[in-house]
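Asks: Before I ask anything, here is the structure I am working with.
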Ligand code: SF4
Ligand code: SF4
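Numbering (my numbering), first residue to last: 6 to 442.
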């Protein structure tokens, strides 16, 4: 590889590294806008979740067909990217297929596996494009799937197809050049790209060299651009799903976080022993009005959301025509984080921009439609819990604003005075159990 190409590659790598790092730092800062939370529960259970749910894709397989094609893309992404290592070393060192002489026959096996996966990824992407755009699968057509989320998904699928075609074309030209020029190290027959060689054989050596180099550069620059783009896209789940499954709550799904201050009050009211309040404890805000009231785990989960809509397609509120969509809740949290982060980066007011997650992004109508059934939590393939965020927003509405619907306020009042949702005197509560002896 000419020295000029080496220099150009190192500059490209440095520029890509700079922008990707900058974006990672921004995402970390956005997540740090949330409240710190102590991670509880055994770490071996957390690692089990990472292995089974993120690596193993266990929850995806509840819907076999999309899971199968998604698995092909996922496996392709993980394994084909090993080849990127060779691209990077070749780019820096000015070599060509640096691993080929060292790995011998195994290099041929490896390249054939990569090509098989490249074709599998290509087919899976076409299937997904057809499902989204021609079959119009219902969960990709909901109201929150506006122009950008739809374009984001289509763009990534198209980029992947083009990148896979570049690899196959590069390998095809390389195989022809191996016969014509000793500079090209023999790879053995690469099954899928070999099928393309007959259509390229008639081209001159210089044209083939140009195509091979063009595909090489196109693929590696495409990978860098793809990695940067992913940080702005729902496809960030490729990385964040692993982190999210580690930090996902280990408690049973119905578990609702108690507020220690309220627990203490209730216990005192009922004459039960209560933990003493910590000295100088600030009561803080009840529930969440904005992202800084949510936990960092909640915020991180928004970056792990794949926008697959499995949660919304199982949500009884959504299915009965209510405005609530748990997927939109996660998308709104991410949008709010991004808006605040961008504002801070530009020297703006950040969280003090006069907007709030509750009200400006998520409406009360949405959160009040939730039945707390946990169907969304059960459905999520990456262990996201949209209900936890909804409950925090409702807590704020009920406890800080006292602006819950009137019927709810009556129920709260009855629970407080009669220990039941109905307005019976507390002394009558166990009448039903009395026998007529
Ligand atoms: S918990 Fe709420 S948001 Fe989740 S599925 Fe049930 S009703 Fe929908
Ligand atoms: S919260 Fe989970 S189920 Fe819902 S869209 Fe995001 S990844 Fe899919």
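We treat Cβ as the ideally placed atom computed from N, Cα and C, and that holds for glycine. Bear in mind that the values here come from a model prediction, so they are computed numbers and not experimental data.
(1) Along the alpha helix (DSSP H) that carries residue 413, what are the first and last residues, could you check?
(2) With DSSP as the reference, please indicate the residues paired to residue 40 in a beta bridge.
(3) Under a criterion of Cβ closer than 5 Å to any non-hydrogen atom of ligand 1, which residues qualify, in chain order?
(4) Mapping DSSP to helix, strand and coil, what is residue 5?
(5) Leaving out five residues before and five after residue 233 in sequence, what residues of the same chain have Cβ atoms less than 7 Å from its Cβ?
(6) Just to confirm my understanding: we take residue 321, look at its own chain, exclude 5 residues before and 5 after, and list those with CB closer than 7 Å. What are they?
(7) Can you check DSSP and say which residues form a bridge with residue 367?
(8) Is residue 333 helix, strand or coil when you go by DSSP?
(9) Report the three-state DSSP secondary structure of residue 15 (helix, strand or coil).
(10) Per DSSP, what kind of secondary structure is residue 348 in: helix, strand or coil?
(11) Between residue 218 and residue 245, what straight-line distance do the alpha-carbon atoms span, to the nearest angstrom?
(12) Contact check, residue 398 vs residue 363 under 8 Å by CB: the rounded distance?
(13) Alpha carbon to alpha carbon, how far is residue 423 from residue 429?
(14) Say the cut is 7 Å; is the CB of residue 151 nearer than that to a heavy atom of ligand 2?
(15) Hey, how far is the Cα of residue 324 from the Cα of residue 102?
(16) So, is residue 5 buried or exposed, given that buried needs 16 or more other C-beta atoms within 10 angstroms?
(17) What residue ranges within the segment 147–211 form continuous alpha helix (DSSP H) runs of no fewer than 4 residues, ordered along the chain?
(18) In chain order, what residues of the same chain lie with their CB nearer than 7 Å to the CB of residue 134, ignoring the 5 residues before and after it?
(19) For ligand 2, I want to know if residue 395 counts as a neighbour, meaning its beta carbon is within less than 7 Å of at least one of the ligand's heavy atoms.
(20) For residue 319, does the count of other Cβ atoms within 10 angstroms reach 16, so buried, or fall short, so exposed?
(21) Does the beta-carbon distance from residue 168 to residue 227 come in below 8 Å?
(22) From this set, 268, 196, 176, which residue's C-alpha is nearest residue 190's C-alpha?
(23) Hey, residue 139 and residue 178: beta-carbon distance below 8 Å or not?
(24) Take the Cβ of residue 95 as the centre, count every other Cβ of all protein chains shown within 10 Å, and call the residue buried at 16 or more, exposed below.
(25) Under 7 Å from any heavy atom of ligand 2, does the C-beta of residue 312 make it?
(26) How big is the Cα-Cα spacing for residue 132 and residue 79?
(27) With C-beta atoms as the reference, is residue 392 less than 8 Å away from residue 250?
(28) Can you tell me which of the three DSSP states residue 112 falls into?
(29) With a cut-off of 8 Å, do at least 3 Cβ pairs link the segment 291–306 to the segment 399–408?
(30) Residue 305 and residue 252 - do their beta-carbons sit closer together than 8 Å?
(31) Assuming contact is defined by CB atoms lying nearer than 8 Å, are residue 384 and residue 316 in contact in what I supplied?
(32) Provide the residue span of the alpha helix (DSSP H) that contains residue 404, from first to last.
(33) State the Cα-Cα distance for the pair residue 67 and residue 247, rounded to the nearest angstrom.
(34) Could you check whether the Cβ of residue 335 sits closer than 7 Å to any heavy atom belonging to ligand 2?
(35) Would residue 240 and residue 171 qualify as a contact pair, given that the criterion is a beta-carbon distance under 8 Å?
Replies: In this structure, then:
(1) Translated into the one-based positions of the chain shown, residue 413 becomes position 408. Under the DSSP assignment, residue 413 falls in the alpha helix (DSSP H) whose first and last residues are 411–423.
(2) Position 35 of the chain shown holds residue 40. Residue 40 is bridged by DSSP to 300.
(3) Any residue whose Cβ sits closer than 5 Å to a heavy atom of ligand 1 makes the list: 320, 322, 331, 375, 376, 378, 380, 381, 392.
(4) Missing from the structure shown is residue 5; the chain here goes from 6 to 442 and no further.
(5) Residue mapping note: residue 233 aligns to position 228 of the chain shown, counting from 1. Contacts found: 21, 24, 25, 28.
(6) Here residue 321 corresponds to residue number 316 of the chain shown, with the count starting at 1. Closer than 7 Å at Cβ, skipping near neighbours: 376, 378, 380.
(7) Within the chain shown, residue 367 is the residue found at index 362, counting from 1. DSSP output for residue 367 lists 363 as bridge partner(s).
(8) Locating residue 333 in the chain shown gives position 328, where the first residue counts as 1. Here residue 333 sits in helix by DSSP.
(9) For the purposes of this step, residue 15 is identified with residue 10 of the chain shown, where counting begins at 1. Residue 15 falls in the helix class under three-state DSSP.
(10) Against the chain shown, residue 348 aligns to sequence position 343. For residue 348, the secondary structure class from DSSP, reduced to helix, strand or coil, is helix.
(11) Position 213 of the chain shown, counted from the first residue, corresponds to residue 218. Position 240 of the chain shown, counted from the first residue, corresponds to residue 245. Distance between the alpha carbons of residue 218 and residue 245 is about 33 Å.
(12) To locate residue 398, count along the chain shown from 1; it is residue 393. To locate residue 363, count along the chain shown from 1; it is residue 358. Sure, about 5 Å apart at Cβ, within 8 Å.
(13) If you number the chain shown from 1, residue 423 lands on position 418. If you number the chain shown from 1, residue 429 lands on position 424. Counting only the Cα atoms, residue 429 lies some 6 Å from residue 423.
(14) Residue mapping note: residue 151 aligns to position 146 of the chain shown, counting from 1. No, ligand 2 has no heavy atom inside 7 Å of this Cβ.
(15) Mapped onto the chain shown, residue 324 falls at position 319. Mapped onto the chain shown, residue 102 falls at position 97. The alpha-carbon atoms of residue 324 and residue 102 are separated by roughly 54 Å.
(16) Nothing can be reported for residue 5: it is not among the residues displayed for the chain, which extend from 6 to 442.
(17) Contiguous alpha helix (DSSP H) elements confined to the segment 147–211 occur at 152–185, 196–205, taking only those with 4 or more residues.
(18) Looking up residue 134 in the chain shown gives position 129. Excluding positions up to five away in sequence, the list reads 159, 162.
(19) As a first step, residue 395 must be located in the chain shown, where it is residue number 390. No, the Cβ of residue 395 stays beyond 7 Å of every heavy atom of ligand 2.
(20) Against the chain shown, residue 319 aligns to sequence position 314. Burial of residue 319 is indicated by the presence of at least 16 other C-beta atoms within 10 angstroms of its C-beta.
(21) As a working note, residue 168 is residue 163 in the chain shown. As a working note, residue 227 is residue 222 in the chain shown. Yes, Cβ-Cβ distance for residue 168 and residue 227 is below 8 Å.
(22) Counting from 1 along the chain shown, the entry for residue 190 is found at position 185. Measuring from the Cα of residue 190, the nearest candidate turns out to be 176.
(23) Within the chain shown, numbered from 1, the residue matching residue 139 stands at position 134. Within the chain shown, numbered from 1, the residue matching residue 178 stands at position 173. Not in contact: residue 139 and residue 178 (Cβ atoms no closer than 8 Å).
(24) Taking the chain shown and counting its residues from 1, one reaches residue 95 at position 90. Note on residue 95: 16 or more other CB atoms within 10 angstroms of its CB, so buried under the neighbour-count rule.
(25) Taking the first residue of the chain shown as 1, we reach residue 312 at position 307. Checking every heavy atom of ligand 2 against the Cβ of residue 312, one is found closer than 7 Å.
(26) Working through the chain shown from its first residue, we reach residue 132 at position 127. Working through the chain shown from its first residue, we reach residue 79 at position 74. Those two C-alpha atoms are separated by around 15 Å.
(27) Taking the first residue of the chain shown as 1, we reach residue 392 at position 387. Taking the first residue of the chain shown as 1, we reach residue 250 at position 245. Inclusion of residue 392 and residue 250 in the CB contact set at 8 Å is not warranted, their separation being larger than that value.
(28) Position 107 of the chain shown, counted from the start, is the residue given in the question as residue 112. Three-state DSSP puts residue 112 in a helix.
(29) Taking a cut-off of 8 Å for Cβ pairs, the segment 291–306 and the segment 399–408 touch, as three or more such pairs fall below it.
(30) Counted from its first residue, the chain shown places residue 252 at position 247. Counted from its first residue, the chain shown places residue 305 at position 300. Contact: yes.
(31) Here residue 384 refers to the residue found at position 379 when the chain shown is read from its first residue. Here residue 316 refers to the residue found at position 311 when the chain shown is read from its first residue. With respect to residue 316, residue 384 sits close: the two C-beta atoms are nearer than 8 Å.
(32) As a first step, residue 404 must be located in the chain shown, where it is residue number 399. Taken as a continuous stretch (DSSP letters only), the alpha helix (DSSP H) holding residue 404 covers 391–404.
(33) Locating residue 67 in the chain shown gives position 62, counting from the first residue. Locating residue 247 in the chain shown gives position 242, counting from the first residue. Going from the Cα of residue 67 to the Cα of residue 247 covers about 19 Å.
(34) Here residue 335 corresponds to residue number 330 of the chain shown, with the count starting at 1. The beta carbon of residue 335 sits closer than 7 Å to at least one heavy atom of ligand 2.
(35) Residue 240 sits at position 235 when you count from the first residue of the chain shown. Residue 171 sits at position 166 when you count from the first residue of the chain shown. No, the pair does not count as a contact, with Cβ atoms beyond the cut-off.
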